[in-house]
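Per our numbering, the sequence shown starts with residue 263, numbered consecutively.
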Amino acid sequence: MMRLSRKLSVLRAESVAVTEETAVNEALGQTVTERVERVARPQELAKFRLHVKEVGHITSLLLSLSGRLARAENALLTLPSTHHDRKALEEKRDKLLAQLNEAKQLKSNIDQRSGGVSTMLYNYLSQEEYTDYDHFINMKSKLLVDSREIAEKIQLGEEQLAALKETLDQ
263 MMRLSRKLSV
273 LRAESVAVTE
283 ETAVNEALGQ
293 TVTERVERVA
303 RPQELAKFRL
313 HVKEVGHITS
323 LLLSLSGRLA
333 RAENALLTLP
343 STHHDRKALE
353 EKRDKLLAQL
363 NEAKQLKSNI
373 DQRSGGVSTM
383 LYNYLSQEEY
393 TDYDHFINMK
403 SKLLVDSREI
413 AEKIQLGEEQ
423 LAALKETLDQ
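So this is what it looks like as structure tokens:
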């Protein structure tokens, strides 16, 4: 039980670190955005802002759908084939799988548009500023993934700790 509590403490510290790193990355993104605002035409600025927003949204959507699909599949593994809820759960899984595939297609489209945004930025920004943009946009997705993974590990650890305490209390 002590080991699990220590693990949760480490995960909470990691969560704080990722939150702080996210704030630093968002500040970098704001600096890049301010530079783009000064040099790009309004239409290009709109494309840039949309791209940054889409990267965050699609990453969150993919994470959410993947997690929900995994939970549905795990629930199906534990249900007997004759269980009355199995058909509804299979339909839910199939719907989530279709949504995940659609989200992957959206991500592919966003990645293609990313090339156009990158070319535009490369023309307007210095090498250092472009490197900052590249770092910001890549870290935006990575930090979202890291944050979600840590949150899920914390939730699982808390559930395990609660179950362990309940078992020991009996």
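Here a beta-carbon is modelled for each residue, glycine too, at the ideal position from N, C-alpha and C.
Computed from a predicted model, the values in this text were never measured in an experiment.
- Please say whether residue 376 and residue 313 have beta carbons closer to each other than 8 Å? Between residue 313 and residue 376, the gap from beta carbon to beta carbon is short of 8 Å.
- Can you give the Cα-Cα distance for residue 335 and residue 362, rounded to whole angstroms? Roughly 14 Å separates the two Cα atoms.
- Candidates 398, 429, 267, 350: which alpha carbon is nearest residue 293's? When C-alpha distances from residue 293 are compared across 398, 429, 267, 350, the shortest belongs to 398.
- Query: In whole angstroms, what is the alpha-carbon distance linking residue 356 and residue 390?
  - Reply: Cα to Cα, residue 356 sits roughly 46 Å from residue 390.
- Query: Expressed to the nearest angstrom, what Euclidean distance is found between the alpha-carbon atoms of residue 400 and residue 343?
  - Reply: Near 43 Å, if we compare the C-alpha coordinates of residue 343 and residue 400.
- Message: Along the chain, where does the alpha helix (DSSP H) containing residue 388 start, and where does it finish?
- Response: No alpha helix (DSSP H) contains residue 388, which DSSP labels as neither H nor E.
- Task: Determine contact between the stretch 263-283 and the stretch 379-390, defined as no fewer than three beta-carbon pairs at a distance below 8 Å.
- Result: For the pair of segments examined, the stretch 263-283 was found not to touch the stretch 379-390: the number of CB pairs separated by less than 8 Å stays below three.
- Query: Would a C-beta distance cut-off of 8 Å place residue 412 and residue 280 closer than the cut-off?
  - Reply: Yes, these two residues count as a Cβ contact at 8 Å.
- Item | Between the CA atoms of residue 324 and residue 373 - distance to the nearest angstrom | Residue 373 and residue 324: Cα-Cα distance of roughly 14 Å.
- Going by Cα to Cα distance, which pick from 298, 263, 359, 271 is closest to residue 332? When each option's Cα is compared against that of residue 332, the closest is 359.
- Item | For residue 408 and residue 267, the rounded distance between their alpha carbons | The C-alpha of residue 408 is placed about 21 Å away from the C-alpha of residue 267.
- Message: On the DSSP letters alone, give me the boundaries of the alpha helix (DSSP H) that residue 321 sits inside.
- Response: Counting along the chain, the alpha helix (DSSP H) containing residue 321 begins and ends at 304-340.
- Near residue 284, which residues of its chain fall below 6 Å by C-beta distance, leaving aside the five closest residues on each side in sequence? For residue 284, where only same-chain residues beyond five positions count, the Cβ hits under 6 Å are 405.
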